[in-house]
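In the working numbering, the protein residues as written are 3 to 156.
We put the CB at the ideal spot given by N, CA and C, even for glycine.
Predicted model, so just to flag it, every value in this text is computed and none were measured.
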Amino acid sequence: MSRKRDAGPPSTGAGEKDVLTGFLDYLRTAVMAKAEGVPEDRARAPGVPSGTNLLGLVKHLTHVERHWLLGHRVTDWKATFRPGPDDTTASVLAAYRETVAEANAEIASWDDLAATGPRRGSRRWTLTHLIEETARHAGHADILRELIDGATGR
Numbered sequence: 003m004s005r006k007r008d009a010g011p012p013s014t015g016a017g018e019k020d021v022l023t024g025f026l027d028y029l030r031t032a033v034m035a036k037a038e039g040v041p042e043d044r045a046r047a048p049g050v051p052s053g054t055n056l057l058g059l060v061k062h063l064t065h066v067e068r069h070w071l072l073g074h075r076v077t078d079w080k081a082t083f084r085p086g087p088d089d090t091t092a093s094v095l096a097a098y099r100e101t102v103a104e105a106n107a108e109i110a111s112w113d114d115l116a117a118t119g120p121r122r123g124s125r126r127w128t129l130t131h132l133i134e135e136t137a138r139h140a141g142h143a144d145i146l147r148e149l150i151d152g153a154t155g156r
């Protein structure tokens, strides 16, 4: 069982966009860390009666970022939580990392957070929503990882 001291809040720049993207990146990293090093069968195994599993959480967050920041449509949100038979921890994490890089490039191009975002609301709203969504699922990943092997901390 691995017990680490929790990391404190991230260091960010002083600007609003720096703070928002700093916290989003911090949470993204925490989610990925929870799935890394977990045996494939355990990463995809449901940890709770609803069927939630680590790979499904990462796959879902990939779709969330693609939808809210890159303009991709999602027709079945429930399906985004289910890893496919060919998905592996490595492939799901690689897709998330690639999506995060594309999303960060999109965010970097923004000069006005009050402007309308790719979907609805302002870009500020979009970033705040992504922080909320990623934090929620980071908490789920924390619990699932602890159930798998006792690992805690960020």
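State buried or exposed for residue i, treating a residue as buried only when at least 16 other CB atoms are found within 10 Å of its CB.
{"i": "PRO85", "result": "buried"}
{"i": "ARG147", "result": "buried"}
{"i": "VAL66", "result": "buried"}
{"i": "ALA45", "result": "buried"}
{"i": "ASP144", "result": "buried"}
{"i": "GLY58", "result": "buried"}
{"i": "VAL76", "result": "exposed"}
{"i": "HIS74", "result": "exposed"}
Restricting to Cα atoms, I'd like to know which of the options is closest to residue i.
{"i": "THR101", "options": "ALA137, TYR28, GLU18 and LEU72", "result": "LEU72"}
{"i": "PHE83", "options": "THR54, ASP20 and GLY24", "result": "THR54"}
{"i": "VAL173", "options": "THR118, ILE145, ASP144 and ALA110", "result": "Outside the displayed span of the chain (3 to 156) sits residue 173, for which this structure offers no information."}
{"i": "GLU42", "options": "LEU95, GLU134, GLU104 and SER52", "result": "LEU95"}
{"i": "ARG99", "options": "ARG122, LEU63 and ARG44", "result": "LEU63"}
{"i": "LYS80", "options": "ASP27, ALA105 and SER52", "result": "SER52"}
{"i": "ILE133", "options": "TYR28, GLY10 and SER93", "result": "TYR28"}
{"i": "THR90", "options": "THR154, GLU38 and GLU18", "result": "GLU38"}
{"i": "ASP78", "options": "HIS142, GLU104, LYS61 and PRO87", "result": "LYS61"}
Less than 9 angstroms separating the beta-carbons of residue i and residue j?
{"i": "HIS131", "j": "VAL33", "result": "no"}
{"i": "GLY49", "j": "LEU129", "result": "no"}
{"i": "HIS69", "j": "ARG30", "result": "no"}
Apart from the five residues just before and just after residue i, which ones in its own chain have a Cβ nearer than 8 angstroms to its Cβ?
{"i": "LEU114", "result": "Per the sequence presented here, residue 114 reads as Asp, with Leu not at that position. Taken in chain order, the residues that qualify are ARG125."}
{"i": "THR23", "result": "THR14, ASN106, ILE109 and LEU129"}
{"i": "PHE25", "result": "PRO11, PRO12, THR14 and ILE133"}
{"i": "VAL40", "result": "LEU56, THR91, ARG147, ILE150 and ASP151"}
{"i": "ALA137", "result": "LEU29"}
Which same chain residues, not among the five before or five after residue i, have their C-beta less than 6 angstroms away from its C-beta?
{"i": "GLY119", "result": "ARG125 and THR128"}
{"i": "MET3", "result": "Residue placement at MET3 is poorly supported in this model, since its pLDDT is 47, which falls under 50; the coordinates still yield a value, given next. For MET3, where only same-chain residues beyond five positions count, the Cβ hits under 6 angstroms are GLY152."}
{"i": "GLY17", "result": "none"}
{"i": "ALA97", "result": "THR64"}
{"i": "GLU135", "result": "VAL66"}
In chain order, what residues of the same chain have a beta carbon less than 7 angstroms from the beta carbon of residue i, not counting five sequence neighbours either side?
{"i": "ALA47", "result": "ASN55"}
{"i": "ALA117", "result": "SER124 and ARG125"}
{"i": "GLU104", "result": "LEU72"}
Please give me, in chain order, every unbroken run of the alpha helix (DSSP H) with length at least 4 that falls completely inside the stretch 47-123. The stretch 47-123 is shown to contain whole alpha helix (DSSP H) runs of 4 or more residues at 56-72 and 91-110, in chain order.
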